[in-house]
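Trainee: One structure, as structure tokens, below. Some questions next.
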Amino acid sequence: MRSTPYRFLLLLLALPLLAAGGIAVGAEDPAPAPGAGSDAQLARIEDHLRAVEEELARLKESKATSDARVGEVEEQVAGLQSLAERVRIGGYGSLRWEQSSLADASNTFTFRRLVLTTEAQLAEHLRFYSELEYERFRKLELERSVSRQDGGLALTQSVGGTSDSEISLEQAWLEWEFDPRLRLRAGGVLVPLGRFNQNHDDNQWDLTRRTLVDRGVPVLPVAAAWDELGVGLNGTFQVGEGDLSYQLYVVNGAALDGELEQVAATRSPDTRKLAFEAEFSPQTGTFSSDTKEGKAVAGRLAWSPAPGHEIAASFYTGRYTPGYLDGRNVLSLALDGITRFAGFELEGELVTTEWGGLRSVAKSFAEQAVFGEAALENSELEAEVEFELSNLAKRKTGYWLELRYPFWPSFLPTAGFANPQLVPVLRFEQVWFEDRLAELAFTGGAVTALRLENRLLQRATIGLAYRPTPLIVVSAAYEYTWADHGGLLGLTNFLPARADERDLHAVSLGVAFGF
Amino acid sequence: MLLLPLLLAGTVYHTDEEALALAFPEATRLALRTLELDEAARARISEEVGYPIRERVVVLHEGWRGQELLGRAYILEEIGKTLPFRFLVAIRPDGTVDQVLLLTYREPRGFEIERDAFRGQYRGKSLADPIRRGADIRNVSGATLSVDALSRGVRRALAIDRALAHGAGGP
Chain A
17 MRSTPYRFLL LLLALPLLAA GGIAVGAEDP APAPGAGSDA QLARIEDHLR AVEEELARLK
77 ESKATSDARV GEVEEQVAGL QSLAERVRIG GYGSLRWEQS SLADASNTFT FRRLVLTTEA
137 QLAEHLRFYS ELEYERFRKL ELERSVSRQD GGLALTQSVG GTSDSEISLE QAWLEWEFDP
197 RLRLRAGGVL VPLGRFNQNH DDNQWDLTRR TLVDRGVPVL PVAAAWDELG VGLNGTFQVG
257 EGDLSYQLYV VNGAALDGEL EQVAATRSPD TRKLAFEAEF SPQTGTFSSD TKEGKAVAGR
317 LAWSPAPGHE IAASFYTGRY TPGYLDGRNV LSLALDGITR FAGFELEGEL VTTEWGGLRS
377 VAKSFAEQAV FGEAALENSE LEAEVEFELS NLAKRKTGYW LELRYPFWPS FLPTAGFANP
437 QLVPVLRFEQ VWFEDRLAEL AFTGGAVTAL RLENRLLQRA TIGLAYRPTP LIVVSAAYEY
497 TWADHGGLLG LTNFLPARAD ERDLHAVSLG VAFGF
Chain B
535 MLLLPLLLAG TVYHTDEEAL ALAFPEATRL ALRTLELDEA ARARISEEVG YPIRERVVVL
595 HEGWRGQELL GRAYILEEIG KTLPFRFLVA IRPDGTVDQV LLLTYREPRG FEIERDAFRG
655 QYRGKSLADP IRRGADIRNV SGATLSVDAL SRGVRRALAI DRALAHGAGG P
């Protein structure tokens, strides 16, 4: 049925035609035969009307197409809005300039890390979260080619990239919230041991260097940010004015794993050297097929009597030896907390980790690897293969304490920021090594030398941070690191210390950001 | 698409009606007035809060017991880290905060600002107070942006209330 506006439009179009037809007929034939002129005129009008109707139909069809397209676009826009609301991209990172007194450390700028986060609300109680880290990363290149060469085939491959770079998946999990008191989380989850690993975002901290306990030694079985693949529960109960929260996960768990280092060296006057060094140390468990049967368990119970105050106990235990070595467990226990008083914030963490059966693991490793070192040398080249067990101790125990005093002096301009803050920071850290594996030599499957040592590593840091907004921090820090006896060599995973260097002074200027 | 509001609802602590009932438990009557802010009022409020406000219209809730005005309340929104949350600020006739209630919260972190111990910090505050993290409001680790946002919102409610008390706003 034709709508009223269209009828009206038709009438409007027809009226001029009728008028024009009448005038024209009148001019050509002032006395037309009755009926003949009217028929022709009527035929012309009908033709015009038909043409108008066809044009109108075409226009209507075009309008319907346009309406449909507009609807599609509106739907797409709504979909994008929905996506933007449900999926949030964020991130954090830090960079710093540092100078240390170590002979082999140059002053340098370091783009410490850039982490991109994605959070998606998939359904009412279902969300996904991931963190992808680019650590000191700028470039990775792979080139490969196959060609005919010297009467045969040649496969050429070269890998190039920036030094000390790493790309890692720091978290990737799916969480189903049945209730705030009961959530099921599965995927690559942060191990809830201590408080730093859970809150490792650079811009949450006022000093850009991470703690010895969590990163620099570490006392944690694996350096933060430490995630493991598994499944578990977490939740929060309101208890009086406070909160009681828990986390409990079953994961593949940390295990001894190897990293292969290749060395190509020219020596004078010695021969050239080609070496393969296989270093075995505790690493994040696999995200593929586990190398051992036993799974690890980790949990944390935290009580927050009031917002801003928290005390927590946590643990991690599980087999750390791969299937080809004797089955041994690692056990970590931690206490941590934060409190506030008189404008000060005091935060700290104590962790102890016991690597079970260190001597028997060393013996088992020697039996499996057979030869710690094997070398073949001729007049031109020495080829060497070396197997090493590292970063293990019967027990490592450490803590850090951080005291902060956020304030803003009223005489300073705020530079347009709503609530900028200055934060003086003091951090003190100690780590004890009990029976640290300092040397392991073996040949023919038998241990020929095993040296264990007790050591103490300490660091004091004083810094000043400026936070123009909560997500941005600019900081300057001075730190002094020293060992009780012997050198710093081998005690940390980041200091390029020589054997005779027992302490170091360092300064750093850094910025950390989040978005 | 139909599920979107449900997905984004986050935690709903109170409906508007529940929150108003909690804000004025002794009220025999609740009144609602929608008022338009003129440019002068908006400028005054913006100056009080330290940034240009968006509101051109405010909804004023009043709690009455007989002929006695118990207080006024404003239901506002602020953005935590990336998502808005909804809260109510109840203000006594003398222009001080009686209570702050969180109605909805959607951020995965920072729910601690809903706790009584945190919201209680705002009780008795007026525009003479800084109402600022680190000054007279304690921070909550992991919820800094939400702490700032709620503090900002409470100050905005007080500033709107003062402007209305001084005759700004018309129906």
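Order-wise, the sequence lines are chains A and B.
For reference, each letter of the first sequence is one residue, going 17 to 531 in this note's numbering.
For reference, each letter of the second sequence is one residue, going 535 to 705 in this note's numbering.
Positions of the beta carbon are idealized from the N, C-alpha and C atoms, including for glycine.
In this text, all values refer to a predicted model and were calculated from it rather than measured experimentally.
With a cut-off of 8 Å on the beta carbons, I'd call Arg143/A and Glu101/A a contact; round off their distance for me.
Mentor: If you number the first sequence from 1, residue 143/A lands on position 127. If you number the first sequence from 1, residue 101/A lands on position 85. About 13 Å; that fails the 8 Å criterion.
Trainee: Apart from the five residues just before and just after Ala515/A, which ones in its own chain have a Cβ nearer than 7 Å to its Cβ?
Mentor: Within the first sequence, residue 515/A is the residue found at index 499, counting from 1. Correct list, in chain order: Gly503 and Leu505.
Trainee: Taking the straight line between their C-alpha atoms, what separation do you get for His521/A and Ser146/A?
Mentor: For the purposes of this step, residue 521/A is taken as the residue at position 505 of the first sequence. For the purposes of this step, residue 146/A is taken as the residue at position 130 of the first sequence. One C-alpha to the other measures close to 37 Å.
Trainee: Suppose the cutoff is 6 Å on Cβ atoms and the five residues either side in sequence are ignored; what does the same chain contact list for Pro440/A look like?
Mentor: To locate residue 440/A, count along the first sequence from 1; it is residue 424. The residues are Tyr421 and Leu480.
Trainee: Could you tell me how far apart the beta carbons of Ala409/A and Phe449/A are, in whole angstroms, since I believe they sit closer than 8 Å?
Mentor: The count along the first sequence starts at 1 and reaches residue 409/A at position 393. The count along the first sequence starts at 1 and reaches residue 449/A at position 433. Indeed they touch by this definition, with Cβ atoms about 5 Å apart.
Trainee: Can you tell me whether Thr562/B is buried or exposed, with buried defined as 16 or more other CB within 10 angstroms of its CB?
Mentor: Residue mapping note: residue 562/B aligns to position 28 of the second sequence, counting from 1. Thr562/B is exposed by the Cβ-count criterion.
Trainee: Just to confirm before moving on: does the CB-CB distance between Glu257/A and Ala322/A stay below 8 Å?
Mentor: Within the first sequence, numbered from 1, the residue matching residue 257/A stands at position 241. Within the first sequence, numbered from 1, the residue matching residue 322/A stands at position 306. Yes; because the gap between Cβ atoms is below 8 Å, this pair is in contact.
Trainee: What residue from Asp352/A, Leu264/A and Thr355/A has the CA that sits closest to Thr333/A's CA?
Mentor: If you number the first sequence from 1, residue 333/A lands on position 317. Comparing Cα positions, the closest option is Leu264/A.
Trainee: Report yes if the C-beta distance between Leu317/A and Leu249/A is below 8 Å; otherwise report no.
Mentor: Reading the first sequence from its first residue, position 301 is the one you call residue 317/A. Reading the first sequence from its first residue, position 233 is the one you call residue 249/A. Not a contact, by the Cβ cut-off of 8 Å.
Trainee: Jot down the residue ranges of each uninterrupted beta strand (DSSP E) in the region 308–386 of chain A, minimum 3 residues, whole runs only, in chain order.
Mentor: 312–320, 326–335, 345–357 and 360–371, all fully within the region 308–386 of chain A.
Trainee: Rank Arg626/B, His700/B and Asp695/B by C-alpha distance to the C-alpha of Val583/B and give the top, closest one.
Mentor: As a first step, residue 583/B is located in the second sequence; it is residue number 49 there, counting from the start. Per the Cα distances, Asp695/B.
Trainee: Where does Ala431/A land, buried or exposed, given buried means 16+ other C-beta within 10 angstroms?
Mentor: What you label residue 431/A is simply residue 415 of the first sequence in a count that begins at 1. Ala431/A should be labelled exposed.
Trainee: Tell me the DSSP secondary structure of Lys615/B in three-state form.
Mentor: Sequence index remark: in the second sequence, residue 615/B carries index 81 (1-based). If DSSP states are grouped into helix, strand and coil, Lys615/B belongs with coil.
Trainee: Where does the unbroken alpha helix (DSSP H) through Leu504/A begin, and where does it stop?
Mentor: Taking the first residue of the first sequence as position 1, residue 504/A is located at position 488. Element bounds for Leu504/A: n/a, residue is neither H nor E.
Trainee: Can you round the beta-carbon distance between Glu182/A and Phe212/A to whole angstroms, since I take them to be within the 8 Å contact cut?
Mentor: As a working note, residue 182/A is residue 166 in the first sequence. As a working note, residue 212/A is residue 196 in the first sequence. Going by Cβ atoms, the distance from Glu182/A to Phe212/A rounds to 19 Å, so no, they are not a contact pair.
Trainee: Between Phe253/A and chain B, is the shortest Cβ-Cβ distance under 8 Å, so that the two count as touching?
Mentor: In the first sequence, residue 253/A corresponds to position 237, counting from 1. For Phe253/A, the answer is no, since every Cβ of chain B falls outside 8 Å of its Cβ.
Trainee: Please confirm if the region 218–234 of chain A is in contact with the region 374–388 of chain A, defined as three or more CB-CB distances below 8 Å between the two stretches.
Mentor: no
Trainee: Please tell me whether Trp424/A has its Cβ less than 8 Å away from any Cβ of chain B.
Mentor: Taking the first sequence and counting its residues from 1, one reaches residue 424/A at position 408. Closer than 8 Å: yes.
Trainee: If you follow the beta strand (DSSP E) that Ile105/A is in, where does it begin and where does it stop?
Mentor: By 1-based counting over the first sequence, the position of residue 105/A is 89. Run containing Ile105/A: Val103 to Ser116, per the beta strand (DSSP E) assignment.
Trainee: Distance check for Gln92/A and Ser54/A, CA to CA, integer angstroms please.
Mentor: Within the first sequence, the letter at position 38 stands for residue 54/A. Within the first sequence, the letter at position 76 stands for residue 92/A. About 56 Å.
Trainee: With a threshold of 16 other CB atoms inside 10 Å of the CB of His501/A, please say whether the residue is buried or exposed.
Mentor: Here residue 501/A refers to the residue found at position 485 of the first sequence. Exposed is the label assigned to His501/A, since fewer than 16 other Cβ atoms lie within 10 Å of its Cβ.
Trainee: Quick one: what does DSSP say Asp695/B is sitting in, helix, strand or coil?
Mentor: Here residue 695/B refers to the residue found at position 161 of the second sequence. In this structure, Asp695/B counts as helix in the three-state DSSP scheme.
Trainee: State the DSSP-derived secondary structure class of Gly38/A, mapped to helix, strand or coil.
Mentor: The residue labelled residue 38/A in the question sits at position 22 within the first sequence. The pLDDT assigned to Gly38/A is 46, lower than 50, so where the model puts this residue is not dependable, and the model offers no usable value.
Trainee: At a CB distance below 8 Å, what residues from the region 420–450 of chain A approach chain B? Give them in sequence order.
Mentor: Within the region 420–450 of chain A, the qualifying residues are Pro422, Phe423, Trp424, Ala434, Asn435 and Gln437.
Trainee: Here's a check: name, in chain order, each residue in its chain whose Cβ is nearer than 6 Å to the Cβ of Gln115/A, leaving out the five neighbours to either side.
Mentor: Taking the first residue of the first sequence as position 1, residue 115/A is located at position 99. Only Asn123 and Val523 meet the Cβ criterion.
Trainee: Could you give the DSSP three-state label for Lys412/A: helix, strand or coil?
Mentor: Position 396 of the first sequence, counting from 1, holds the residue named residue 412/A. DSSP places Lys412/A in strand when its eight states are reduced to three.
Trainee: Excluding the 5 residues preceding and the 5 following Ala454/A in the sequence, name in chain order all residues of the same chain whose CB lies nearer than 8 Å to its CB.
Mentor: Counting from 1 along the first sequence, the entry for residue 454/A is found at position 438. So the list reads Arg467, Leu468, Glu469 and Gly506, once near-sequence residues are dropped.
Trainee: Between Leu405/A, Gln474/A and Leu245/A, which has its C-alpha nearest Glu293/A's C-alpha?
Mentor: Residue mapping note: residue 293/A aligns to position 277 of the first sequence, counting from 1. Measuring from the Cα of Glu293/A, the nearest candidate turns out to be Leu405/A.
Trainee: Hey, is the region 543–562 of chain B in contact with the region 632–647 of chain B, meaning 3+ C-beta pairs nearer than 8 Å?
Mentor: yes
Trainee: Could you tell me whether the Cβ of Gly37/A comes closer than 8 Å to any Cβ of chain B?
Mentor: On the first sequence, residue 37/A is found 21 positions in, with the first residue counted as 1. Bear in mind that a pLDDT of 49 at Gly37/A, under 50, signals an unreliable position, so the model cannot answer this.
Trainee: Can you find a CB in chain B that lies within less than 8 Å of the CB of Ile327/A?
Mentor: Here residue 327/A refers to the residue found at position 311 of the first sequence. Ile327/A does not count as touching chain B.
Trainee: Who are the near neighbours of Phe510/A in its chain, counting only those whose CB is closer than 7 Å to its CB and skipping five residues on each side?
Mentor: Here residue 510/A refers to the residue found at position 494 of the first sequence. Gly232.
Trainee: Would you be able to state if there are at least three C-beta pairs under 8 Å between the region 641–659 of chain B and the region 677–693 of chain B?
Mentor: yes
Trainee: Which partner residues does Phe423/A have in the DSSP bridge list?
Mentor: For the purposes of this step, residue 423/A is identified with residue 407 of the first sequence, where counting begins at 1. In the DSSP output, where bridge partners are listed per residue, Phe423/A has Leu438/A.
Trainee: Under the three-state reduction of DSSP, which class applies to Tyr656/B: helix, strand or coil?
Mentor: Taking the second sequence and counting its residues from 1, the one referred to as residue 656/B is at position 122. If DSSP states are grouped into helix, strand and coil, Tyr656/B belongs with the helices.
Trainee: Distance, Cα to Cα, Glu573/B vs Arg590/B?
Mentor: Taking the second sequence and counting its residues from 1, one reaches residue 573/B at position 39. Taking the second sequence and counting its residues from 1, one reaches residue 590/B at position 56. Taking the straight line from one Cα to the other gives about 9 Å.
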